[in-house]
């Protein structure tokens, strides 16, 4: 059973938390104590029903204000798939929270209030989805019940969004008219929207295909641990533990060890003392090679046919998380998977205006800013371009003085 990770985003009070609550409630994915808690809670909708947004408003400050501040994660599954949901804040001052939630998501659900249509925050979240390289965008036009489920309202908003998507060069977009409050088209098809012939939200999530031809060329295996038991019965044992990214690998396949550039072939693949002939995307396994190769934690074993790249100089988009401005003279740490490398950011190329999508030149990088920068590393970094292999184009920047994560990184090129 495969796993799909998605994030919900939209403006304040577009109904993100209510939509997730409805999805969990109508799929019977709520524990008895959670159900009892929301029934006791003193938050009701105008029609007297329980406010399902309580299920994802995890912090006390959020519950008191009726908004979402942190990224709230929820989990559920059906017979077809497992799901990990991230409910991201709608406020612009929490852009970093949305970037955090979206960085590991396959799909983004952008909610649009049917009463308001496409607004500034819709544009901002769509722009972020493009920058983060999300594979699929699903636009849920919510609160259709407040617009009498009119087709014209839905079509006008859909057309407006498609114009925005064309401007952003955003593709792979689908639309569903919903009412999270009433449950229309969330888990079950709504009889109140007869003109809509597509799937409900849940059916869509169960069936959506996230595979694309241009993404995941070959595979990558970042080494998390080198296993050398050094016992009498395992004195020749040398395995490399990690998680497979991309298309998957097979026994006998030719590989390249990066950044050294050494070649070898896969001798064996091991999982829980069981020998496998192949390991697919997402599998955590131990790899054995036919040659005694010098490999350390943080190195990569990659497909020889599609090896990716190594370089000390990178161009990347970064989302700045720290209250302090980016310091171009400071030494930071770049973490890619289990590898830590000292870096500097000698040049800020420009900052993105997330409202107009236009570049801004000559300004400092502050909290919640997104910018294009040049990174200079102390040693070679194994990377892929975000457009080619997003799983190996993501990294974080750490301030070594405080050990605080100060930025998310999306590598674009060398």
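Residue numbers (UniProt numbering): 1 to 414.
Think of the CB as a built atom: it goes at the ideal place given N, C-alpha and C, for glycine as much as any other residue.
Fair warning: this is a prediction, and the values are worked out from it, not measured in the lab.
About 15 angstroms separates the beta carbon of residue 386 from that of residue 168, a gap too long to meet the 8 angstroms contact definition.
Looking from the CA of residue 355, the closest CA among 317, 97, 335, 119 belongs to 119. In this structure, DSSP gives residue 127 a helical state, which the three-state scheme calls helix.
Each residue's CA atom was taken as its position, placing residue 171 and residue 114 some 22 angstroms apart. Counted as a single uninterrupted DSSP element, the alpha helix (DSSP H) harbouring residue 16 occupies residues 16-26. Each residue's CA atom was taken as its position, placing residue 394 and residue 361 some 24 angstroms apart. In this structure, residue 202 lies near residue 187, with their beta-carbon atoms less than 7 angstroms apart. For the options 258, 16, 413, 200, the alpha carbon positioned closest to that of residue 174 is the one of 200. By the 16-neighbour rule on beta-carbons within 10 angstroms, residue 331 is exposed. Check the Cα spacing between residue 150 and each of 179, 335, 132, 128: the tightest is with 179. In the structure shown, residue 240 adopts extended strand secondary structure according to DSSP, grouped into three states. Here the C-alpha atom of residue 232 lies approximately 30 angstroms from the C-alpha atom of residue 338.
Rounded to the nearest angstrom, the Cβ distance from residue 242 to residue 266 is 13 angstroms, too far for a contact under 8 angstroms.
The three-state secondary structure of residue 100, taken from DSSP, is helix.
Two segments are said to touch when three or more pairs of C-beta atoms, one from each, lie closer than 8 angstroms; by this definition the segment 93-110 touches the segment 6-17.
Note on geometry: alpha-carbon atoms of residue 366 and residue 372 lie some 13 angstroms from one another. Linking residue 324 to residue 130 through their CA atoms gives a straight-line distance of about 26 angstroms. Per DSSP, the continuous beta strand (DSSP E) segment holding residue 406 begins and ends at 404-413.
Each of 263, 128, 27, 15 was checked against the Cα of residue 307, and the nearest Cα belongs to 263.
When secondary structure is reduced to three states using DSSP, residue 233 falls in the helix class.
The segment 309-328 makes contact with the segment 368-383; the number of CB pairs closer than 8 angstroms reaches 3 or more.
Burial check for residue 89: the Cβ neighbour count within 10 Å reaches 16 or more, so the residue is buried. Here residue 373 carries a strand assignment [DSSP, helix/strand/coil]. Per the coordinates, the alpha-carbon of residue 297 lies some 5 angstroms from the alpha-carbon of residue 225. Cβ contact annotation for residue 281 (same chain, cutoff 8 angstroms, sequence separation greater than five): 216, 219, 244, 245, 246, 247, 248, in chain order. In the structure shown, the three-state DSSP call for residue 167 is helix. Per the coordinates, the alpha-carbon of residue 412 lies some 11 angstroms from the alpha-carbon of residue 133. DSSP, reduced to helix, strand and coil, places residue 113 within a strand of the structure shown. Residue 138 sits in a strand when the DSSP states are folded into three classes. Taking the Cβ atoms as the reference, residue 292 lies roughly 17 angstroms from residue 258, outside the contact range of under 8 angstroms. The C-alpha of residue 290 is placed about 18 angstroms away from the C-alpha of residue 230.
Beyond the five residues adjoining it in sequence on each side, residue 189 comes within less than 6 angstroms, by CB distance, of 200 in the same chain, given in chain order.
Beta-bridge analysis with DSSP links residue 337 to no other residue. Closest by C-alpha distance to residue 269, out of 254, 287, 255, is 287. In this structure, residue 334 sits near residue 397, with a CB-CB distance shorter than 7 angstroms. Residue environment analysis places residue 348 among the buried positions, since at least 16 neighbouring C-beta atoms fall within 10 angstroms of its C-beta.
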